[in-house]
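Shown next, in structure tokens, is the structure this report addresses.
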Amino acid sequence: MRRFPWAIILALLAGLGLGLVYSWVISPARVIDAEPLTLRTDFKDHYRSAIAAAYAATGNLPRAQARLSLLANSDPIEALNAQAQRMLASGQSLEQADQVAALASALEHGVALESTSTTIPQIANTIVITSTPPLDSSAVPSEITETPQPTETQATINASTPRPSRTSIPTLGAPFALTGQETVCDPNLPDGLLQVIVFDSRRRQLPGAKIMMTWDGGEEEFFTGLKPELGNGYADFIMDPSTTYTMQLGAGSDIASGLTTSTCQSSDGENFTGGVKLTFQQP
Amino acid sequence: MPPVTCPDIHMKSYRWIFIVLALLIGIGAGLAYGWIIDPVDFFDLTPDTLRADYKSDYVLMVAEAYQAERDPGLAARRLGIFGTQSPSTIAASGLAYARANGFSDSDITLMQELVTALQAWSGIQ
């Protein structure tokens with residue numbers, strides 16, 4: 005009776021284990037043709053910034069959307085808004101943060117700045133994975149190349165592609181006009197809440213706008229866009245009922261003075277402290 | 002003790018050959034599985050690993066932005082994420098890919114302008 009070949013089975017399993025350890029741990033296959041969605045988070049931010057800058061220059065929303073889809077965010081608008089806030093918080097250029105926020109806003113409203121062309125650069129449909137040379141280079145091919153597919157040609161909506169025209173970028177230095185001031189009596193809001201909403205010249209909420217509050221014996225600065233869930237151009241401040249405030253956005257902008265809380269009455273007859281809502285816009 | 006016969010010696014050496022062969026086959030199968038069938042999933046990659054068409058499209062984005070901003074330093078910083086190559090070299094690679102793969106004339110023109118600007122800019126630096 006022949007004995008079962010345990011030694012051969014064990015050798016096979018040991019070899020398999022060694023091969024897996026080498027190929028998964030010691031020298032894993034190196035991907036050299038990665039897709040944007042595999043990038044590290046900070047590089048994805050760079051990628052989004054570049055998309056936003058290109059969009060600010062060309063106003064080509066379909067192209068920006070196509071590029072954003074490469075990052076495979078479940079909610080690109082939220083990703084852009086969050087990035088704009090991170091950029092502001094880390095002291096990066098306000099202009100670049102605004103470009104990111106502007107793209108988020110455009111996606112939200114589906115509006116292209118100045119439509120030029122919707123052609124999307126061709127993307128070759130090839131995948132190449134290379135690995136470091138195996139122990140026995142004759143046993144395993146060191147390069148696997150998928151047969152290149154025919155180049156994918158994207159649909160072109162405009163037959164002729166006009167050159168992208170220069171798109172003006174909102175600057176925070178331009179003066180803002182106070183376009184609205186109203187007393188807010190909402191018992192659901194915190195007492196004495198001053199709400200500020202800042203729009204640029206295109207009626208787009210503007211993040212990163214510096215707001216200066218001054219009062220007798222004090223001053224404070226804060227920025228729009230720190231509560232993106234309430235709008236990129238939104239900022240708020242809690243006023244003390246016994247204090248009168250003055251607010252200004254930037255040099256040359258309208259000044260809102262005499263800001264103070266008001267006494268409001270709820271539907272059940274109780275008094276509470278109301279707030280003020282100010283709206284600023286670049287002409 | 003029985004004498005060792007020729008068939009015994011042959012059996013043992015054959016057995017070792019089979020064991021070594023099994024080991025090699027196992028290693029080969031392990032490598033094939035780990036490198037081809039189920040390779041390690043990669044994430045958190047750096048931009049230099051991007052496929053050439055994505056790199057070229059990134060260069061195009063920078064070129065589009067440069068068209069409006071006219072700031073070669075900013076364009077160079079944007080291209081700097083690709084690593085050690087100079088910004089003008091990176092832009093030139095993107096331009097070469099765009100020319101070879103049928104990008105539109107307007108896109109190629111933008112990229113050409115970026116390459117020219119970066120070459121001039123790097124000469125000043």
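Those protein sequence lines, which keep their order, are chains A and B. If you use my numbering, the first sequence corresponds to residues 5 to 287, in order. If you use my numbering, the second sequence corresponds to residues 2 to 126, in order. Just so it is clear, CB atoms sit at the ideal spot from N, CA and C, and this is done for glycine as well. Computed from a prediction, not measured in an experiment: that's the story for all the values here.
Original post:
Is B:L119 near the ligand FMN, in the sense that its beta carbon is under 7 Å from a heavy atom of that ligand?
Top reply: Within the structure as shown, the ligand FMN is missing, as the structure has no ligands at all.
Subject >> Residue-chain proximity (B:Q113, chain A), Cβ-Cβ < 8 Å >> reply: no
**OP:** On a CA-only basis, which of A:A18, A:A33 and A:S261 is nearest B:I26? Give me that one, please.
**Re:** A:A18
**OP:** Return the bridge partner residues of A:V202 from the DSSP annotation.
**Re:** Per DSSP, A:F284.
**OP:** Note the first and the last residue of the continuous alpha helix (DSSP H) segment covering A:A18.
**Re:** W10 to V25
Original post:
When DSSP labels each residue in this structure, what does A:S266 get in the three-state scheme?
Top reply: strand
Original post:
Which residues does DSSP pair with A:D240 in a beta bridge?
Top reply: A:Q199
**OP:** Could you tell me the distance, in whole angstroms, from the CA atom of A:F226 to the CA atom of A:K214?
**Re:** A:F226 and A:K214 have their C-alpha atoms spaced approximately 6 Å apart.
**OP:** Count the other C-beta atoms from every protein chain shown that fall within 10 angstroms of the C-beta of A:A76, then say buried if there are 16 or more, exposed otherwise.
**Re:** Per the 10 Å Cβ criterion, exposed.
Original post:
Taking Cβ to Cβ, would you say B:A77 is nearer than 8 Å to B:W122?
Top reply: It is a contact, given that the beta carbons lie within the stated cut-off.
Original post:
Between the region 58–69 of chain B and chain A, which residues of the former have CB atoms less than 9 Å from a CB of the latter, in chain order?
Top reply: The residues in question are D58, Y59, L61, M62, V63, A64, E65, A66, Y67, Q68 and A69.
Subject >> Residue-chain proximity (A:G278, chain B), Cβ-Cβ < 8 Å >> reply: no
**OP:** Taking a Cβ distance cut-off of 8 Å, strictly less, list which residues of the region 32–58 of chain A are near chain B, in chain order.
**Re:** P32, A33, V35, I36, D37, A38, E39, P40, T42, L43, R44, T45, F47, H50, Y51, S53, A54, I55, A57 and A58
Original post:
Given that a residue counts as buried once 16 or more other Cβ atoms are within 10 Å of its Cβ, and exposed if not, what is A:T48?
Top reply: Sequence check: residue 48 of chain A is Lys here, not Thr. Buried: at least 16 other Cβ atoms inside 10 Å.
Original post:
Can you tell me the Cα-Cα spacing of B:S89 and A:A101, whole angstroms?
Top reply: 25 Å
Subject >> Residue burial classification, B:E70 (beta-carbon count within 10 angstroms, cutoff 16) >> reply: Buried, by the Cβ-count rule.
**OP:** Please report the Cβ distance between A:Q185 and A:L111, rounded to the nearest whole angstrom; I am assuming they are in contact, meaning their Cβ atoms lie under 8 Å.
**Re:** Actually they are not in contact, since the Cβ atoms of A:Q185 and A:L111 sit about 31 Å apart, beyond 8 Å.
Original post:
Name the chain B residues that come within less than 7 Å of A:W28, Cβ to Cβ?
Top reply: G35 and V41
Subject >> Where B:W36 falls, given that 16 or more other Cβ within 10 Å makes a residue buried >> reply: buried
**OP:** Count the C-beta pairs between the region 97–114 of chain B and the region 37–52 of chain B that are closer than 8 Å, then say yes if the count reaches three, no if not.
**Re:** no
Original post:
By Cβ distance below 7 Å, which residues in the same chain neighbour A:M217 in space, the five residues on each side in sequence not counted?
Top reply: E223, E224, F241, Y249 and M251
Subject >> Any C-beta of chain A under 8 Å from that of B:G27 >> reply: yes
**OP:** Please classify A:K214: does DSSP put it in a helix, a strand, or coil?
**Re:** strand
Original post:
So what's A:T134 in DSSP terms, helix, strand or just coil?
Top reply: Low confidence applies here, because A:T134 scores a pLDDT of 38, under 50, leaving its location unreliable and the question unanswered by this model.
Subject >> Cβ-based burial, A:P137 [other Cβ within 10 Å; buried from 16] >> reply: Low local confidence applies: a pLDDT of 35 at A:P137 is under 50, so the model's placement there is unreliable, and no value is given.
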